[in-house]
Amino acid sequence: RHERHPHWLLASQTHDTKRAGDVRARIGALAGMHDRWADRVRTWRDLTGGMEDPNDEYLVWQTLVGAWPIIPTRLEQYLEKALREAKRHTNWIEPNDKYEQHVMRFVRSLYENQEFLDEFEPFLQDVAAAGEHASLGALLLRLTSPGLPDLYQGDEFWSLNLVDPDNRRPIDWARRYRARDQAAPTRETMKFHLVRRVLRVRATHGDAFAATYEPLDLG
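When we follow our numbering, the leftmost residue of the sequence shown carries the number 2, and every step to the right adds one.
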């Protein structure tokens, strides 16, 4: 890329991305705790009674882990689109209202099932921490690799958006102004401060990023 396309865009998400980068980082982190994840899924199925289709049920668990905290309306809108585009039980041309309503009732019941929430939220905290580490590493790599790094709207903060229109919500500019004035980053503003510091380095030492790119052999 450095030799052939040094000024091409480095993008990790756009307005059409199905899951924001931070959601994908959380889901990717599950690979490092697969035994615990499998055990949790089985436990949650027992606590909730599960769904008719285990594949669609798995999508619910995966989405909850990736995007929590998420209000029911956002989750339902995402699932409606995902289920219809999968075209397994329903689709856009001939929606299967009965099946979709069954899924939505299951989703809404999760928010009222305290036994499930007590099992879910502690595990989610571990996944979120692992996802944040992975996301920060990916962000640093994107900001320093050959090319022009792109930040989709809102991605300088933890972004747990799903497919459109969820990822097109208004940006909270006041929040960004407050972060700009902070002397030191907090957990909430880690990405913001990382972006600001690395872009400042790029602006100050532009020649270093234009020079020959030599990857390190860490084997």
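Ideal Cβ positions, reconstructed from N, Cα and C, are used throughout, including at glycine. No experiment lies behind these values; they were computed from the predicted model shown.
Check                                                                                                                                                                                        : Outcome
Whole-angstrom Cβ separation of Leu11 and Ser146, contact assumed at under 8 Å?                                                                                                              : 6 Å
Once you ignore the five residues that flank Gly132 on each side, which residues in its own chain have a CB closer than 7 Å to its CB?                                                       : Asp23, Ala26, Arg27 and Ala30
Express the C-alpha separation of Leu137 and Val108 in angstroms, rounding to a whole number.                                                                                                : 31 Å
Whose C-alpha, out of Glu101, Tyr79, Ala185 and Ala180, is nearest the C-alpha of Ala21?                                                                                                     : Tyr79
Check the Cβ-Cβ distances between Thr15 and every residue of chain D, and say whether any is below 8 Å.                                                                                      : In the structure shown, chain D cannot be found, because there is only a single protein chain.
By Cβ distance, which residues of its chain are closer than 8 Å to Val196, with the 5 residues on each side in sequence left out?                                                            : Leu140, Leu144, Leu152 and Glu157
Please go through the same chain and pick out, in chain order, the residues whose beta-carbon is closer than 6 Å to the beta-carbon of Asn92, but skip the five residues on each side of it. : Arg85
Counting C-beta neighbours from all protein chains within 10 Å, is the total for Asp98 16 or more, i.e. buried, or is it exposed?                                                            : exposed
What residue does the alpha helix (DSSP H) around Glu120 start on, and which one ends it?                                                                                                    : Gln115 to Thr145
Should Leu200 and Glu120 be called a contact, given that it needs their Cβ atoms to be closer than 8 Å?                                                                                      : no
Assuming the contact rule is C-beta atoms closer than 8 Å, Ala180 and Phe193 should be a hit. Round their C-beta distance to whole Å, please.                                                : 5 Å
Per the DSSP calculation, Leu10 is bridged to which residue(s)?                                                                                                                              : Leu149
From the DSSP output, in three-state form, read off Arg2 for me.                                                                                                                             : coil
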